[in-house]
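The next block holds one structure in the form of structure tokens; read it before the comments.
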Amino acid sequence: MGGVESHLFLLSQRLIQSGHKVIIVTHAYGNRKGVRYMTNGLKVYYVPTLVIYSEATLPTLFGFFPLFRNILIRETIDIVHGHGAFSSLCQEAILHGKTMGLKVCFTDHSLFGFADASSILTNKLLKFTLSDVDHVICVSHTSKENTVLRAALSPRNVSVIPNAVVASQFLPDPSAADPKWITIVVISRLVYRKGVDLLVAVIPRICAMHKNVRFIIGGDGPKRIDLEQMREKHLLQDRVELLGPVKHHQVRNILIQGNIFLNTSLTEAFCIAIVEAACAGLFVVSTKVGGVPEVLPNHMINYATPEEDDLIIAISKALHMTRFKKVDPSKFNDELKDMYSWSNVAERTEKIYDLISQTQVSPLIERFRRYYGCGLYAGKIFCMVIALDYLFWMFLECMLPRDSVEEAAAFPYERYRRQMDQQRRTPPPTPPSRHDKQGCAVTSNGVT
Numbered sequence: 001m002g003g004v005e006s007h008l009f010l011l012s013q014r015l016i017q018s019g020h021k022v023i024i025v026t027h028a029y030g031n032r033k034g035v036r037y038m039t040n041g042l043k044v045y046y047v048p049t050l051v052i053y054s055e056a057t058l059p060t061l062f063g064f065f066p067l068f069r070n071i072l073i074r075e076t077i078d079i080v081h082g083h084g085a086f087s088s089l090c091q092e093a094i095l096h097g098k099t100m101g102l103k104v105c106f107t108d109h110s111l112f113g114f115a116d117a118s119s120i121l122t123n124k125l126l127k128f129t130l131s132d133v134d135h136v137i138c139v140s141h142t143s144k145e146n147t148v149l150r151a152a153l154s155p156r157n158v159s160v161i162p163n164a165v166v167a168s169q170f171l172p173d174p175s176a177a178d179p180k181w182i183t184i185v186v187i188s189r190l191v192y193r194k195g196v197d198l199l200v201a202v203i204p205r206i207c208a209m210h211k212n213v214r215f216i217i218g219g220d221g222p223k224r225i226d227l228e229q230m231r232e233k234h235l236l237q238d239r240v241e242l243l244g245p246v247k248h249h250q251v252r253n254i255l256i257q258g259n260i261f262l263n264t265s266l267t268e269a270f271c272i273a274i275v276e277a278a279c280a281g282l283f284v285v286s287t288k289v290g291g292v293p294e295v296l297p298n299h300m301i302n303y304a305t306p307e308e309d310d311l312i313i314a315i316s317k318a319l320h321m322t323r324f325k326k327v328d329p330s331k332f333n334d335e336l337k338d339m340y341s342w343s344n345v346a347e348r349t350e351k352i353y354d355l356i357s358q359t360q361v362s363p364l365i366e367r368f369r370r371y372y373g374c375g376l377y378a379g380k381i382f383c384m385v386i387a388l389d390y391l392f393w394m395f396l397e398c399m400l401p402r403d404s405v406e407e408a409a410a411f412p413y414e415r416y417r418r419q420m421d422q423q424r425r426t427p428p429p430t431p432p433s434r435h436d437k438q439g440c441a442v443t444s445n446g447v448t
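Letter by letter, the sequence shown follows residues 1 to 448 in the UniProt record's numbering.
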């Protein structure tokens, strides 16, 4: 489960506990299709859309609309909250939700450039999507500046709400680390953007300079083969351990085996991984990119530019601090549990929901005006898309009236919580015993 997925799940849990009804709509993952219930009655719709690359779905534009409209009506949705600029499903949901007259907001979890062809295309599509959105949330101030520039937004319509961490799930355990080694842990997707090429260049040099250092690397991706080749070339099989894919509940058990956490990302909007690592009692070394400098206090982290030599200097300093115990990372958890709380994130998100709920629904002509300003040619194309989307919605309203869609029963969260609390307070029943002929008590566990 990646950063965006965990953000969605944990934020949803807090919103449900606050009394809101939360529905997640995402694409199917393998055999996970249809409707699933998760913790506290969180309902997830796994839509059968075609995944083309790296969990990105094929854009359908209008093909997703009938199913999405049915879900919105069935679940009596008031606000559509999209996550992730790379998700075509998110972009389509925002477009269709606005056409249906719902309130719409968007959370951007990424940073993007302005020069290459991919960035130019994505930024133009993002500008189209966000032209008519009610509010935008970014996870860092750097991300806010980036999104405002990319989508030509007013800064007044963009708020900063950082990610958070459940600190109790990442309690430090200094006894879990091997005292014979100083262990550097890396957990990330093994892709170019995460700086795996830097990692490949740095590991052999660090291992040559420091004989008691080893690496534990968790994660998978197209760059994994580069790490395997590096390990074989430099004969580091006993000092570089590749774990492969790591599930979220396994992360803490891997982190506590280490002393230092290394992040080599080339771009990051927030980087929740370094917060989890610091909570688990690891000192952090990270490239100074994007929103990373906003995340941790300076005494928890060493920064480096995304260059090989500078990264080696930062790692060497961290090794020196660890070797001579100049820092006590086991105390980081107490500091961070108050800094990054999901209750605080949910409370601030609720304020955004309250804010956009008070706004007036924009008439169709106003939507045309906003989209027309997206560019000389692009603006006209966007207006045509909106017109077709509106006509398709009217067609669906005629052919599949709202009255024909049965409203789904809400999960009885309050009753569920009362039953769970009652079960916790009720002591477990004493197992029955009987006496055999010799007079010994026989219980369900055996003879005593």
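Using N, Cα and C, we set each Cβ at its ideal position, and we do this for glycine too.
Can you list, in chain order, the residues of its chain with a C-beta nearer than 8 Å to that of Val361? Leave out the 5 residues immediately preceding and following it.
Here residue 361 is taken as the residue at index 361 of the sequence shown, counted from 1. Excluding positions up to five away in sequence, the list reads Gly101.
Taking the Cβ atom as the reference point for each residue, do Thr129 and Cys138 lie within a distance shorter than 8 Å?
As a first step, residue 129 must be located in the sequence shown, where it is residue number 129. As a first step, residue 138 must be located in the sequence shown, where it is residue number 138. No. Outside cutoff.
Gln257 and Ile216 - do their beta-carbons sit closer together than 8 Å?
Your numbering for residue 216 matches position 216 in the sequence shown. Your numbering for residue 257 matches position 257 in the sequence shown. Yes; because the gap between Cβ atoms is below 8 Å, this pair is in contact.
Just the Cα atoms here: how many angstroms apart are Glu366 and Ser357?
Stepping through the sequence shown from its first residue, residue 366 is reached at position 366. Stepping through the sequence shown from its first residue, residue 357 is reached at position 357. Their Cα atoms are separated by approximately 18 Å.
Rounded to the nearest angstrom, how far is the Cβ of residue 454 from that of Thr57, given a contact under 8 Å?
The structure shown does not extend to residue 454, since the chain spans only 1 to 448, so no value can be given for it.
Which residue or residues does DSSP assign as beta-bridge partners of Tyr53?
Numbered from 1 along the sequence shown, position 53 holds the residue referred to as residue 53. BP columns for Tyr53 point to Ala56.
Excluding the 5 residues preceding and the 5 following Arg205 in the sequence, name in chain order all residues of the same chain whose CB lies nearer than 7 Å to its CB.
Along the sequence shown, one-based indexing puts residue 205 at 205. Excluding sequence neighbours, Arg205 sits near Ile312.
Pick helix, strand or coil for Val166, following the three-state DSSP scheme.
Along the sequence shown, read from residue 1 onward, the residue named residue 166 stands at position 166. If DSSP states are grouped into helix, strand and coil, Val166 belongs with coil.
Which complete alpha helix (DSSP H) runs does the region 131–217 hold, if anything under 4 residues is left out?
141–151 and 196–209
For Lys223, which residues of its own chain have a beta-carbon under 7 Å away from its beta-carbon, when the five flanking residues on both sides are left out?
The residue you call residue 223 lines up with position 223 of the sequence shown. Counting only Cβ-Cβ distances below 7 Å, and skipping sequence neighbours, we find Leu190, Val191, Tyr192 and Val196.
Give the secondary structure of Tyr46 by DSSP, where H, G and I count as helix, E and B as strand, and everything else as coil.
Locating residue 46 in the sequence shown gives position 46, counting from the first residue. Reduced to three states, the DSSP call for Tyr46 is strand.
From Glu308 to Asn263, what distance separates their C-alpha atoms?
In the sequence shown, counting from the first residue as 1, residue 308 sits at position 308. In the sequence shown, counting from the first residue as 1, residue 263 sits at position 263. Roughly 13 Å separates the two Cα atoms.
Can you tell me the Cα-Cα spacing of Ser330 and Pro245, whole angstroms?
To locate residue 330, count along the sequence shown from 1; it is residue 330. To locate residue 245, count along the sequence shown from 1; it is residue 245. Using only the alpha carbons, I get a separation of about 27 Å.
Going by DSSP, what residue range makes up the beta strand (DSSP E) through Asn263?
Counted from its first residue, the sequence shown places residue 263 at position 263. From DSSP, the beta strand (DSSP E) with Asn263 extends over Ile260 to Asn263.
Note the first and the last residue of the continuous beta strand (DSSP E) segment covering Tyr303.
Here residue 303 corresponds to residue number 303 of the sequence shown, with the count starting at 1. Per DSSP, Tyr303 belongs to the beta strand (DSSP E) from Ile301 to Ala304.
I need the DSSP call for Ser444, collapsed to helix, strand or coil.
Translated into positions along the sequence shown, residue 444 becomes position 444. Its pLDDT being 38, under 50, Ser444 is placed unreliably by the model, and nothing is read from it.
Measuring CB to CB, does Gly84 end up less than 8 Å from Val4?
Here the question's residue 84 lines up with position 84 in the sequence shown. Here the question's residue 4 lines up with position 4 in the sequence shown. For Gly84 and Val4, yes; Cβs fall inside 8 Å.
Straight-line gap, Val442 to Asn31 (C-alpha atoms, nearest Å)
Along the sequence shown, read from residue 1 onward, the residue named residue 442 stands at position 442. Along the sequence shown, read from residue 1 onward, the residue named residue 31 stands at position 31. With a pLDDT of only 35 at Val442, under 50, the local geometry of the prediction cannot be trusted, and the value read off the model is given with reservation. Each residue's Cα considered, the two are about 46 Å apart.
Check Tyr340 in the structure and name its three-state DSSP category.
By one-based count along the sequence shown, residue 340 stands at place 340. In the structure shown, Tyr340 sits in coil (DSSP, three-state: anything other than H, G, I, E or B).
Can you give me the start and stop residues for the beta strand (DSSP E) that Arg36 sits inside?
Position 36 of the sequence shown, counting from 1, holds the residue named residue 36. Element bounds for Arg36: Gly34 to Tyr37.
From what residue to what residue does the alpha helix (DSSP H) around Phe382 run?
Stepping through the sequence shown from its first residue, residue 382 is reached at position 382. Ala378 to Met399 is the extent of the alpha helix (DSSP H) around Phe382.
Cα-Cα, which of Leu121, Leu89 and Asp338 is closest to Tyr46?
By one-based count along the sequence shown, residue 46 stands at place 46. Residue Leu89 is the option with its Cα nearest to Tyr46.
Out of Asp338, Arg370 and Ser110, state which residue places its alpha-carbon closest to the alpha-carbon of Ala152.
One-based indexing of the sequence shown puts residue 152 at position 152. Selected option, being the one with the closest Cα: Arg370.
Secondary structure of Phe128, DSSP reduced to three states:
As a working note, residue 128 is residue 128 in the sequence shown. It is helical.
Phe283 and Asn253: beta carbons closer than 8 Å?
Along the sequence shown, read from residue 1 onward, the residue named residue 283 stands at position 283. Along the sequence shown, read from residue 1 onward, the residue named residue 253 stands at position 253. The answer is no: Cβ separation not under 8 Å.
Helix, strand or coil: how does DSSP classify Lys103 here?
For the purposes of this step, residue 103 is taken as residue 103 along the sequence shown, with counting starting at 1. In the structure shown, Lys103 sits in a strand (DSSP, three-state: E or B).
Classify Asn163: buried if its beta carbon has 16 or more other beta carbons within 10 angstroms, exposed otherwise.
Indexing the sequence shown from 1 puts residue 163 at position 163. It is buried - the Cβ of Asn163 has at least 16 other Cβ atoms within 10 Å.
Alpha-carbon spacing of Leu11 relative to Ala277, whole angstroms:
Indexing the sequence shown from 1 puts residue 11 at position 11. Indexing the sequence shown from 1 puts residue 277 at position 277. Cα to Cα, Leu11 sits roughly 20 Å from Ala277.
If you measure between the beta carbons of Leu400 and Pro306, is that distance less than 8 Å?
As a first step, residue 400 must be located in the sequence shown, where it is residue number 400. As a first step, residue 306 must be located in the sequence shown, where it is residue number 306. Not closer than 8 Å, so no.
Pair within 8 Å by beta-carbon distance, Val104 and Val136
Taking the first residue of the sequence shown as position 1, residue 104 is located at position 104. Taking the first residue of the sequence shown as position 1, residue 136 is located at position 136. It is not a contact, given that the beta carbons lie outside the stated cut-off.
Please check the pair Arg74 and Leu396, which I expect to be a contact at CB under 8 Å, by giving their CB distance rounded to whole angstroms.
For the purposes of this step, residue 74 is identified with residue 74 of the sequence shown, where counting begins at 1. For the purposes of this step, residue 396 is identified with residue 396 of the sequence shown, where counting begins at 1. Not confirmed; about 14 Å, so no contact.
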